[in-house]
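Numbered by the working numbering, the letters in the sequence shown go through residues 197 to 858 in order. Below you'll find the structure, written out as structure tokens, and then a few comments.
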Amino acid sequence: MIQQVDYTKHKLSKDTLINLYKSMLKPRLIEEKMLILLRQGKISKWFSGIGQEAISVGVTAALLKEEYILPMHRNLGVFTTREIPLHRLFSQWQGKANGFTKGRDRSFHFGTQEYNIVGMISHLGPQLGIADGIALANKIKKNNQVCAVFTGEGGTSEGDFHEALNVASVWDLPVLFCVENNGYGLSTPSSEQYNCEHIADRGLGYGMESHIIDGNNIVEVYTKVSEIAESVRENPRPILLEFKTFRMRGHEEASGTKYVPQELLDFWAAKDPLENFQAYLRAENILSEQEEVAFKEDIIHEINEHLQLAYDEPDITVDLKTELNDVFKPFNNVTITPSSETNKIRLIDAISDGLKQSMEKYDDLIIMGQDVAEYGGVFKITDGFVDQFGKDRVRNTPICESAIVSAAYGLSVNGMKAVMEMQFADFVSSGFNPIVNLLAKSHYRWSQPADVVVRMPCGAGVGAGPFHSQTNEAWFTKTPGLKVVYPAFPADAKGLLIAAINDPNPVLFFEHKALYRSIYQEVPVDYFTLPIGKASIIKEGNDITIISYGAGVHWALDTLEKNANVSADLIDLRTLQPLDVESIYTSVRKTGKAIILQEDSLFGGIASEISALITENCFTVLDAPVKRVGSIETPIPFQKELEKQYLAKNQFEKALQNLLNF
Numbered sequence: 197m198i199q200q201v202d203y204t205k206h207k208l209s210k211d212t213l214i215n216l217y218k219s220m221l222k223p224r225l226i227e228e229k230m231l232i233l234l235r236q237g238k239i240s241k242w243f244s245g246i247g248q249e250a251i252s253v254g255v256t257a258a259l260l261k262e263e264y265i266l267p268m269h270r271n272l273g274v275f276t277t278r279e280i281p282l283h284r285l286f287s288q289w290q291g292k293a294n295g296f297t298k299g300r301d302r303s304f305h306f307g308t309q310e311y312n313i314v315g316m317i318s319h320l321g322p323q324l325g326i327a328d329g330i331a332l333a334n335k336i337k338k339n340n341q342v343c344a345v346f347t348g349e350g351g352t353s354e355g356d357f358h359e360a361l362n363v364a365s366v367w368d369l370p371v372l373f374c375v376e377n378n379g380y381g382l383s384t385p386s387s388e389q390y391n392c393e394h395i396a397d398r399g400l401g402y403g404m405e406s407h408i409i410d411g412n413n414i415v416e417v418y419t420k421v422s423e424i425a426e427s428v429r430e431n432p433r434p435i436l437l438e439f440k441t442f443r444m445r446g447h448e449e450a451s452g453t454k455y456v457p458q459e460l461l462d463f464w465a466a467k468d469p470l471e472n473f474q475a476y477l478r479a480e481n482i483l484s485e486q487e488e489v490a491f492k493e494d495i496i497h498e499i500n501e502h503l504q505l506a507y508d509e510p511d512i513t514v515d516l517k518t519e520l521n522d523v524f525k526p527f528n529n530v531t532i533t534p535s536s537e538t539n540k541i542r543l544i545d546a547i548s549d550g551l552k553q554s555m556e557k558y559d560d561l562i563i564m565g566q567d568v569a570e571y572g573g574v575f576k577i578t579d580g581f582v583d584q585f586g587k588d589r590v591r592n593t594p595i596c597e598s599a600i601v602s603a604a605y606g607l608s609v610n611g612m613k614a615v616m617e618m619q620f621a622d623f624v625s626s627g628f629n630p631i632v633n634l635l636a637k638s639h640y641r642w643s644q645p646a647d648v649v650v651r652m653p654c655g656a657g658v659g660a661g662p663f664h665s666q667t668n669e670a671w672f673t674k675t676p677g678l679k680v681v682y683p684a685f686p687a688d689a690k691g692l693l694i695a696a697i698n699d700p701n702p703v704l705f706f707e708h709k710a711l712y713r714s715i716y717q718e719v720p721v722d723y724f725t726l727p728i729g730k731a732s733i734i735k736e737g738n739d740i741t742i743i744s745y746g747a748g749v750h751w752a753l754d755t756l757e758k759n760a761n762v763s764a765d766l767i768d769l770r771t772l773q774p775l776d777v778e779s780i781y782t783s784v785r786k787t788g789k790a791i792i793l794q795e796d797s798l799f800g801g802i803a804s805e806i807s808a809l810i811t812e813n814c815f816t817v818l819d820a821p822v823k824r825v826g827s828i829e830t831p832i833p834f835q836k837e838l839e840k841q842y843l844a845k846n847q848f849e850k851a852l853q854n855l856l857n858f
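What follows is the structure, encoded as structure tokens:
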């Protein structure tokens, strides 16, 4: 049974109507085939979009092919309407090399620059922030392009939804936020997801135009979205679109639909977007029975032919070198040697210089963060940048770390560079998900580099307490796909920051607040780089190897100054990921003893990993156990004497002497 849907309010040509019909028919027939293959065990999982094809097809058909679109689980129609060859989709779903993720991710978790599609991650929310970044790049480029991003009604419960819509509204970004309201988030009904009549009503709270669209009416979807998209191209702004529809099958096939009342399934089955539209075309003599049969036969033939291509493709050959090499985008990090002219400046000034010279080098580099524009950032590192580079490129953000990390990634997707400042490194926890699940995995998953630097003002010693003093580098050194840089001196900070910005891979750049204005050094005036992944040997000796980074380097120097009789190699790691293990091993093989000093609390820190590496690779030359020194196992206290007790600085000298005397 079908339910009458009004398709009469349009001025579309016969060819357009037929194309829309065929565009819906194709994903429906593919899905029916995939459900058979799922039961046969030939694909591992399936998220069905049956009953929702009009939204994917209508939105995609309304956009230009060069405009980015960010689909979700049930948007097969996006991929087919963008005319991706079916054998590549089938290869993707079977984990073959000719897919888009080299077997590393499944189903719709992929993107492709060739077709201007950015695939989702399972955490849903960051997708919306990525669209903000893509749209920001479009706006800066003045290319009059719109970007469309999908989510479900369940996804609108995530904080990322609020953050992304708020940013888009504040910045007037040309984004179409497409919410497929299909009744259930897995088994949780909409009534338990939000307490307003329509999701579109939320647009008022963001000062954002919103529309409710019948998601089962392909004519309404296509005509309204086409009209809205054209308007947004001329007048950039975000639009919230709520598509009313229903999910006819389980969240994924294993879930089933037993939790859905049968009368509700029957009601929406009668509103099937494909069957209703087909009936309309037949009634209007736009589609004949012969044409309908021919279209189905052609598509089924295409499906079977391309399935065979995917079946015939060999299984992926497991190669360890390939897997490891694809974690990061290959980058020829050519060291740029500075001239001899120097100025004696503070670490904070060196960072500011490195940022400024990078902004001068790259017209497509954007700086984002809280208070970084006219105010110059809480540490004044970007003071005066707005005057030189303008507010398009030096952007204050709302307080929404997650959306801004995702937006930085979106800028990278759209061919730009981004530096995002965490006001304090502690606040990165609010942006943790997109850093470790989006930036870190991007190149490995679908060969898309995340050209993003996240600046991390960190560290204790300034009486800032538990929420403004952490040195939390160990959160990220564990995550493959992230580079972690942590300089201790002004020249290193400038050269490594410039190198980090040059690098197309994501870099966490730690800057110790207590060193900002206390450490001076002669720093080259002009633009230069230092190699990421190369430690610095600050002192050379024969008795012991001291390994540290950040403020710990200065604590070690102070200790050696008080103990002039100690002959030590002092290694400033500078980069924690990738780690310069060869410099460590060479030194330990010479001295036979090693002590590692970190400001972070001891358990689970980078010192533990370095200790293990030394033990595994230099055990036969060791004259004593490897010693780790870190701060105590508490949060960082505010009061001066409590903070002093907390820090590893005061434990180091005794630990050093004990190891020397072992």
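For every residue, glycine included, the Cβ atom is placed at its ideal position computed from N, Cα and C.
Check: Where does I728 sit, in a helix, a strand or coil, going by DSSP?
Finding: coil
Checklist line | Local conformation of T347 per DSSP, three classes | finding: strand
Notebook entry, point to check: In chain order, what residues of the same chain lie with their CB nearer than 6 Å to the CB of R433, ignoring the 5 residues before and after it?
Noted result: D368
Check: Buried or exposed: I232, going by 16 or more other Cβ atoms within 10 Å of its Cβ?
Finding: exposed
Next item on the list: Below 8 Å on the Cβ atoms is my guess for M616 versus G565; work out the distance and round it to an integer in Å.
Entry: 6 Å
Notebook entry, point to check: When DSSP labels each residue in this structure, what does Y716 get in the three-state scheme?
Noted result: strand
Notebook entry, point to check: Taking one C-beta from the segment 690-699 and one from the segment 752-760 each time, how about it: are there three or more such pairs within less than 8 Å?
Noted result: no
Note to self: Taking its Cβ as the centre, do 16 or more other Cβ atoms sit within 10 Å of G346, making it buried, or is it exposed?
What the structure shows: A small fix is needed here, since residue 346 is Phe in this sequence, not Gly. F346 is buried by the Cβ-count criterion.
Note to self: I need the DSSP call for Y380, collapsed to helix, strand or coil.
What the structure shows: strand
Margin query: To test your reading of the DSSP string, which unbroken alpha helix (DSSP H) runs of 4 or more residues are found completely within the segment 751-817?
Written below: 777-787 and 802-814
Checklist line | Strand pairing of G659, partner residues [DSSP] | finding: Beta-bridge pairing links G659 to no other residue.
Margin query: Only counting the same chain, and skipping five residues up and downstream in sequence, which positions put a Cβ closer than 8 Å to that of Q584?
Written below: K552 and M555
Note to self: Any contact between the segment 367-386 and the segment 217-234? By contact I mean 3 or more CB pairs, one from each, below 8 Å.
What the structure shows: no
Margin query: By alpha-carbon positions, which one of L400, A790, H407 and G411 ends up nearest to A425?
Written below: H407
Note to self: Within a Cβ cutoff of 6 Å, which residues of the same chain sit near R591, ignoring the five residues on either side of it in sequence?
What the structure shows: M564
Check: Nearest-angstrom Cα distance between L520 and A603?
Finding: 27 Å
Next item on the list: Helix, strand or coil for E354, going by three-state DSSP, please let me know.
Entry: coil
Note to self: Suppose the cutoff is 6 Å on Cβ atoms and the five residues either side in sequence are ignored; what does the same chain contact list for F685 look like?
What the structure shows: Q717
Item checked: Nearest residue (CA-CA) to G355, options H319, T667 and L477 -> H319
Margin query: Contact defined as beta carbons within less than 8 Å: I believe L870 pairs with I435. What is the distance between those atoms, to the nearest angstrom?
Written below: Limits of the chain in this structure are 197 at one end and 858 at the other, which puts residue 870 out of reach.
Notebook entry, point to check: Anyone know if the C-beta pair for G657 and A599 falls short of 7 Å?
Noted result: no
Checklist line | Status (buried if at least 16 other CB within 10 Å, exposed otherwise) for Y640 | finding: buried
Check: Is the segment 287-302 touching the segment 253-263 in the sense that three or more CB pairs, one from each, lie closer than 8 Å?
Finding: no
Margin query: Going by beta-carbon coordinates alone, are L272 and P223 separated by less than 7 Å?
Written below: yes
Margin query: My output table needs one value for D410: the three-state DSSP class, helix, strand or coil.
Written below: strand
Item checked: Span separating the alpha-carbon of V582 from that of S536 -> 30 Å
Margin query: On the DSSP letters alone, give me the boundaries of the beta strand (DSSP E) that A614 sits inside.
Written below: K613 to E617
Checklist line | L793 to Y745 span [Cα, whole Å] | finding: 8 Å
Note to self: Can you check which of these residues, I414, P702 and R589, is closest to A636 by C-alpha distance?
What the structure shows: P702
Margin query: Between the alpha carbons of A396 and Q666, how many angstroms are there, rounded?
Written below: 40 Å
Check: In three-state DSSP terms, what is L543?
Finding: helix
Check: Count the other CB atoms within 10 Å of the CB of N391; is the residue buried (16 or more) or exposed (fewer)?
Finding: exposed
Checklist line | Beta-ladder partner(s) of G565, from DSSP | finding: N592 and E617
Note to self: Taking its Cβ as the centre, do 16 or more other Cβ atoms sit within 10 Å of F848, making it buried, or is it exposed?
What the structure shows: buried
Checklist line | N-terminal and C-terminal residue of the alpha helix (DSSP H) that H283 is part of | finding: L282 to W289
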